[in-house]
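Respectively, the protein sequence lines represent chains A and W.
With the numbering used here, the residue at position 24 of the first sequence is 30, and numbering never jumps.
With the numbering used here, the residue at position 61 of the second sequence is 67, and numbering never jumps.
2 protein chains.
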Amino acid sequence: MALQTETEEKIIASAEKLFYQKGKAGTSMQDIGDDAGINRTLLNYYFRSKDQLFEAVFRKAMGRFVPNLAAMLHSDISFEEYIPALVETVIDTMIENPQISIFVLQELSSNQDRMPQIMKEMGINPAFALKKMEEERVIKVTGGMDSRQVILNLISLCIFPFAAKPVVLDILYNGDNEAYIVAMKERKKIIPQLMKQLLS
Amino acid sequence: MALQTETEEKIIASAEKLFYQKGKAGTSMQDIGDDAGINRTLLNYYFRSKDQLFEAVFRKAMGRFVPNLAAMLHSDISFEEYIPALVETVIDTMIENPQISIFVLQELSSNQDRMPQIMKEMGINPAFALKKMEEERVIKVTGGMDSRQVILNLISLCIFPFAAKPVVLDILYNGDNEAYIVAMKERKKIIPQLMKQLLS
DNA sequence: GAAGCGTTTAACGCTTTAGTCAAACTATTT
DNA sequence: AAATAGTTTGACTAAAGCGTTAAACGCTTC
Numbered sequence: 007m008a009l010q011t012e013t014e015e016k017i018i019a020s021a022e023k024l025f026y027q028k029g030k031a032g033t034s035m036q037d038i039g040d041d042a043g044i045n046r047t048l049l050n051y052y053f054r055s056k057d058q059l060f061e062a063v064f065r066k067a068m069g070r071f072v073p074n075l076a077a078m079l080h081s082d083i084s085f086e087e088y089i090p091a092l093v094e095t096v097i098d099t100m101i102e103n104p105q106i107s108i109f110v111l112q113e114l115s116s117n118q119d120r121m122p123q124i125m126k127e128m129g130i131n132p133a134f135a136l137k138k139m140e141e142e143r144v145i146k147v148t149g150g151m152d153s154r155q156v157i158l159n160l161i162s163l164c165i166f167p168f169a170a171k172p173v174v175l176d177i178l179y180n181g182d183n184e185a186y187i188v189a190m191k192e193r194k195k196i197i198p199q200l201m202k203q204l205l206s
Numbered sequence: 007m008a009l010q011t012e013t014e015e016k017i018i019a020s021a022e023k024l025f026y027q028k029g030k031a032g033t034s035m036q037d038i039g040d041d042a043g044i045n046r047t048l049l050n051y052y053f054r055s056k057d058q059l060f061e062a063v064f065r066k067a068m069g070r071f072v073p074n075l076a077a078m079l080h081s082d083i084s085f086e087e088y089i090p091a092l093v094e095t096v097i098d099t100m101i102e103n104p105q106i107s108i109f110v111l112q113e114l115s116s117n118q119d120r121m122p123q124i125m126k127e128m129g130i131n132p133a134f135a136l137k138k139m140e141e142e143r144v145i146k147v148t149g150g151m152d153s154r155q156v157i158l159n160l161i162s163l164c165i166f167p168f169a170a171k172p173v174v175l176d177i178l179y180n181g182d183n184e185a186y187i188v189a190m191k192e193r194k195k196i197i198p199q200l201m202k203q204l205l206s
């Protein structure tokens, strides 16, 4: 973790790029080495095995947005107050790397046993979060909607448009990436508005 | 297409199951054969190659929800009227096979050149759909929100909770699959309500 | 029951891939 | 400049995977 050699960084960069795009099984060590412009065996030198390299990439990816989620679930502040900032950072993260969501979801979906372990490591306590949500529901929400549904709506609105980028880009924005990005940035305002409406 | 032998059906069933779960590269022909309880070579006999088998599975998957989308985008009826039925069928489809969304999104994401071709085959005309949306926006939407954003919201709310099933199940529903399914069914009512609110 | 058809099987060849290892190389320290 | 620790390289091994092929099997038809 601490400091990384230049080659180590190049490896991670290429591994991220390719794993995000083609998945673990779809990417060979050779592919990564070629992309990084270094000898294939160096991957083994620095990361021991493909599994461990993948693990490093996956954890880094998780680390990009789990903390945001965790902060919201555990803080003393209400969801409502958290929403604008959360939406902003999540959308910014996704704009920088749209493929990260599918990458993470795909891995979690094909290897479901990981979830509990990861929750622990990342410091999310489902029981605590649920209790907090329940209390909030009683206090704040007038519409009577389950607070889990509220969370689900929020996250869905933030992430899905990126997970489905190729489809959205093609059908709704006619392949114009500029327009797509502009639209995604607009959502930083749209989503909080929508959530406010939903919570009042 | 027309009629399929029993073995052919078994192959498709196992291929769907495994491709959905592990992806194309993560699934071997042997895996599929074993799962189906038949000799590996039969896959080649019936589908020629792994590529062609995958193609069959992928197209079948696309065929499950593209028609719904296409119908909405092209019909003379307004979105509002379409929403309840669309939400109902989409959610039902997803409950039956939650992994299908990631499977499709992953494939489209790692192989983006496919989109235009598929749109054509599936009979979606982006230009026409956009024009229709624009007209509707002028007529119906008072909030002034871009109709593309409206569509995006609708689809996000419907599909994402399934794409993220492992996470949602674990964090929000504590691993209780029953509760998760109930919640997803509730969304058949929640989402149309929300959209109505959004469009008035 | 022999011929002929589609189906199923096992064996083979070939390519790709992950990982190891010892040798070569580099740079820093003594 | 010799020694040493840390990197980089190419060659090798073993395993996994895809596709082909020829033989075996089973079932209908003549």
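Ideal Cβ positions, reconstructed from N, Cα and C, are used throughout, including at glycine.
The structure displayed is predicted, hence computed values, not measured ones.
Handout entry: Limits of the alpha helix (DSSP H) - the one that W:S206 falls within
Key = Where W:S206 is concerned, there is no enclosing alpha helix (DSSP H), given that its DSSP letter is neither H nor E.
Practice task
Give me the Cα-Cα distance between A:I210 and A:P104, rounded to the nearest whole angstrom.
Solution key: With chain A running from 7 to 206 in the structure shown, residue 210 of chain A is simply not present.
Problem - Among W:R65, W:G32 and W:A31, the one whose alpha carbon lies nearest that of W:I18 - result: When each option's Cα is compared against that of W:I18, the closest is W:R65.
Exercise for the section: Can you grab the Cα-Cα spacing for the pair A:P90 / A:K202, in whole Å? Expected result: Whole-angstrom Cα-Cα distance: 10 Å.
Practice task
Could you tell me whether the Cβ of W:M68 comes closer than 8 Å to any Cβ of chain A?
Solution key: Not a single C-beta of chain A is nearer than 8 Å to the C-beta of W:M68.
Handout entry: Opening and closing residue of the alpha helix (DSSP H) in which A:D57 lies
Key = Run containing A:D57: K56 to H80, per the alpha helix (DSSP H) assignment.
Handout entry: Residue of A:K137, A:E127 and A:F166 minimising C-alpha distance to A:S153
Key = Ranking the options by Cα distance to A:S153, first place goes to A:K137.
Practice task
Within the same chain, show all residues whose beta-carbon is closer than 8 Å to that of A:M78, passing over the 5 residues directly before and after it, in chain order.
Solution key: Short of 8 Å from the beta carbon of A:M78, and not among the five residues preceding or following it, lie these beta carbons of its own chain, in chain order: F85, Y88 and L92.
Practice task
Kindly indicate which three-state DSSP category W:N117 falls into: helix, strand or coil?
Solution key: In the displayed model, W:N117 falls within coil according to three-state DSSP, outside both helix and strand.
Problem - Range of the contiguous alpha helix (DSSP H) that encloses W:P104 - result: According to the DSSP assignment, W:P104 belongs to no alpha helix (DSSP H), since it is labelled neither H nor E.
Exercise for the section: Could you pull out every residue in the same chain whose Cβ sits closer than 7 Å to the Cβ of W:S55, ignoring the five residues on either side in sequence? Expected result: For W:S55, where only same-chain residues beyond five positions count, there are no Cβ hits under 7 Å.
Handout entry: Proximity of A:F109 and A:F166 at Cβ, strictly below 8 Å
Key = Their beta carbons are not under 8 Å apart, which means A:F109 does not touch A:F166 by this criterion.
Handout entry: Contact list for A:R154 against chain W, beta-carbon separation under 8 Å
Key = Within 8 Å Cβ-Cβ: L178, Y179 and A189.
Exercise for the section: Indicate whether at least one CB of chain A lies closer than 8 Å to the CB of W:Y25. Expected result: Reading off the sequence, residue 25 of chain W comes out as Phe, not Tyr. No, W:F25 does not count as interfacial toward chain A.
Problem - N-terminal and C-terminal residue of the alpha helix (DSSP H) that W:Q36 is part of - result: Where W:Q36 is concerned, the enclosing alpha helix (DSSP H) stretches over M35 to A42.
Handout entry: Beta-carbon neighbours of W:K28, restricted to chain A and to distances below 8 Å
Key = Going along chain A in sequence order, the residues near W:K28 (Cβ under 8 Å) are A31 and S116.
Handout entry: Cut-off 7 Å between Cβ atoms - residues of its own chain near A:C164, not counting five sequence neighbours on either side
Key = Cβ-Cβ distances below 7 Å link A:C164 to V93, V96, I97 and I197 in the same chain, with the five nearest sequence neighbours on each side left out; the list follows chain order.
Handout entry: Candidates A:Q123, A:A169 and A:Q155, of which the one nearest W:L158 by Cα
Key = When each option's Cα is compared against that of W:L158, the closest is A:A169.
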